[in-house]
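Going letter by letter, the sequence shown gives residues 262 to 602 in this note's numbering.
Structure first, then comments.
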Amino acid sequence: MSIQTVKSIEGIKFCVWSPNEIRKYSVAEITAPETYDEDGMAVQGGLMDGRLGTLEPGQKCLTCGNTSARCPGHFGHIELAEPVLHIAFIDNIHKLLTTTCRSCSRIKVPQDVLDEFSKFKSYRASYTVVSQKRIPDQILEKAKKSKECPHCGKPQYELIFTKPTIFIEKTDLGENRLLPITIRERFSQITDEDLELLNYNISTARPEWFILQALPVPPVTVRPSIILETGIRSEDDLTHKMVDIIRVNQRLKESKEAGTPPLIVQDLVDLLQYHTTTYFDNEVSGIPQAHHRSGRPLKTLTQRLKGKEGRFRGSLSGKRVDFSSRTIKFHHSRMLKLNSS
Numbered sequence: 262m263s264i265q266t267v268k269s270i271e272g273i274k275f276c277v278w279s280p281n282e283i284r285k286y287s288v289a290e291i292t293a294p295e296t297y298d299e300d301g302m303a304v305q306g307g308l309m310d311g312r313l314g315t316l317e318p319g320q321k322c323l324t325c326g327n328t329s330a331r332c333p334g335h336f337g338h339i340e341l342a343e344p345v346l347h348i349a350f351i352d353n354i355h356k357l358l359t360t361t362c363r364s365c366s367r368i369k370v371p372q373d374v375l376d377e378f379s380k381f382k383s384y385r386a387s388y389t390v391v392s393q394k395r396i397p398d399q400i401l402e403k404a405k406k407s408k409e410c411p412h413c414g415k416p417q418y419e420l421i422f423t424k425p426t427i428f429i430e431k432t433d434l435g436e437n438r439l440l441p442i443t444i445r446e447r448f449s450q451i452t453d454e455d456l457e458l459l460n461y462n463i464s465t466a467r468p469e470w471f472i473l474q475a476l477p478v479p480p481v482t483v484r485p486s487i488i489l490e491t492g493i494r495s496e497d498d499l500t501h502k503m504v505d506i507i508r509v510n511q512r513l514k515e516s517k518e519a520g521t522p523p524l525i526v527q528d529l530v531d532l533l534q535y536h537t538t539t540y541f542d543n544e545v546s547g548i549p550q551a552h553h554r555s556g557r558p559l560k561t562l563t564q565r566l567k568g569k570e571g572r573f574r575g576s577l578s579g580k581r582v583d584f585s586s587r588t589i590k591f592h593h594s595r596m597l598k599l600n601s602s
């Protein structure tokens, strides 16, 4: 009789995946926009690749060898031809661009002020790491308005943020758009010490990871395809959206290799940014929603999670599950009326 090891979960930590981690946890690079071939078999390198998990009863997963009942599903990834901004972190990107130097990437605050704050330590709750004291918002507001970097002496320019994802610098020579690749280079130069002062945990959230170089592809168990009464296979909304991303990504890659004029390449980069943004959130103000051919808006990641029908309120809260209880909070006057009766 074998002794089975029992493991218990001590805690859950949420992190931002780096490009290397996305590739590490991926079992396959997805390059084909097609899902199934003429024989109804999953296309290798496609969005329903057998390595990403299995849906059919009795069929074995090509990664773990388990059937659909035991296979948890496996992530793939798409290598993006050009970096794009992650819409969920756009406010963080805006704040970092306005508070750090465009040349040396230091916080636009004198060194003696930074030294003063780095002396103090503040201990957070037991589930997070020890972090240095955060710089007050008043000082960061001064850093945003700084016209010259106190560290390298280089001039700073006004930043115009056009929602949802366009950043423009007003230089002496005119307006200059900041591309995601430029923003990523700036963020990669920010020192660990400065990030800790800005309240970032450098082991779990480096700011250059907010700019995507590789896009995770969720397992097929997260986005199963269904067969309609007519016998036609219908794909999940997430799969539809990723088909658009792969097709635009291929066109962008081919255009760059063919030496296409920069204006056309930039249009394709903007289109890739649009599809990636609507993949994460299809209700972002400032851009049109992605729709089915029928006109119905696609239900993408954010729409799956939020709202009354979302994962948290619709699928988890208030359900009859083991080791859980519910309570009703009475108004004080209501309790007195019940007691008197």
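A virtual CB, placed ideally from N, CA and C, is assigned to each residue, including glycine.
For residue j and residue i, the rounded distance between their alpha carbons
i, j, result
"arginine 467", "lysine 415", "25 angstroms"
"isoleucine 487", "proline 522", "42 angstroms"
"alanine 519", "proline 344", "19 angstroms"
"phenylalanine 448", "aspartate 373", "23 angstroms"
"glycine 492", "glutamate 544", "32 angstroms"
"proline 411", "threonine 423", "28 angstroms"
"asparagine 437", "phenylalanine 428", "9 angstroms"
"serine 366", "threonine 360", "9 angstroms"
"arginine 512", "aspartate 531", "12 angstroms"
"histidine 553", "glutamate 570", "20 angstroms"
"cysteine 362", "glutamine 417", "7 angstroms"
"threonine 500", "threonine 482", "12 angstroms"
"lysine 274", "glutamate 496", "32 angstroms"
"arginine 557", "lysine 406", "44 angstroms"
"aspartate 298", "valine 304", "6 angstroms"
"glutamate 317", "serine 329", "7 angstroms"
Three-state secondary structure assigned by DSSP to residue i
i, result
"alanine 404", "helix"
"glutamate 282", "helix"
"glycine 311", "helix"
"threonine 360", "helix"
"glycine 575", "helix"
"isoleucine 431", "Here residue 431 turns out to be lysine, not isoleucine, going by the sequence shown. Three-state result, lysine 431: strand."
"valine 345", "strand"
"valine 483", "coil"
"serine 287", "coil"
"leucine 440", "coil"
"phenylalanine 378", "helix"
"asparagine 543", "coil"
"valine 277", "coil"
"serine 366", "coil"
The ligand COA heavy atom lying under 7 angstroms from the CB of residue i
i, result
"serine 364", "This structure does not include the ligand COA; it has no bound ligands of any sort."
Candidates the options, of which the one nearest residue i by Cα
i, options, result
"isoleucine 276", "Lys514, Gln564, Ile463 and Ile429", "Here residue 276 turns out to be cysteine, not isoleucine, going by the sequence shown. If we check each option's Cα against that of cysteine 276, Ile463 comes out closest."
"isoleucine 507", "Lys569, Gln417 and Glu290", "Glu290"
"phenylalanine 541", "Glu409, Asn460 and Phe350", "Phe350"
"aspartate 376", "Glu317, Glu454 and Gln474", "Glu454"
"asparagine 510", "Val526, Asp498 and Ser495", "Val526"
"arginine 565", "Pro294, Arg484 and Tyr286", "Arg484"
"lysine 408", "Gly435, Lys285, Val370 and Gly556", "Val370"
"methionine 503", "Ile548, Leu559, Tyr461 and Leu459", "Leu559"
"threonine 280", "Ala475, Leu562 and Thr482", "For the record, residue 280 in the displayed sequence is proline; it is not threonine. Comparing Cα-Cα distances from proline 280 to each of Ala475, Leu562 and Thr482, the minimum goes to Ala475."
"leucine 401", "Asn460, Pro441, Ile348 and Leu439", "Asn460"
"glutamate 446", "Lys406, Asp498, Leu358 and His501", "Leu358"
"isoleucine 348", "Val478, Asn327, Trp470 and Pro318", "Trp470"
Residue i at chain C interface by Cβ criterion, 8 angstroms
i, result
"proline 477", "The structure shown contains no chain C; it is built from a single protein chain."
Buried or exposed (CB count within 10 angstroms, at least 16 for buried), residue i
i, result
"serine 578", "exposed"
"glutamate 271", "exposed"
"valine 267", "exposed"
"lysine 382", "Residue placement at lysine 382 is poorly supported in this model, since its pLDDT is 48, which falls under 50; the coordinates are not used for a value here."
"leucine 524", "exposed"
"methionine 309", "buried"
"isoleucine 283", "buried"
"serine 269", "exposed"
"phenylalanine 584", "exposed"
"glycine 311", "buried"
"serine 287", "buried"
"proline 441", "buried"
Residue i and residue j closer than 8 angstroms at C-beta
i, j, result
"histidine 338", "proline 480", "no"
"lysine 431", "isoleucine 444", "no"
"threonine 538", "leucine 473", "no"
"cysteine 322", "serine 364", "no"
"isoleucine 451", "alanine 404", "no"
"glutamate 295", "glycine 307", "yes"
"arginine 395", "leucine 458", "yes"
"alanine 293", "lysine 514", "no"
"leucine 346", "glutamine 550", "no"
"proline 397", "glycine 547", "no"
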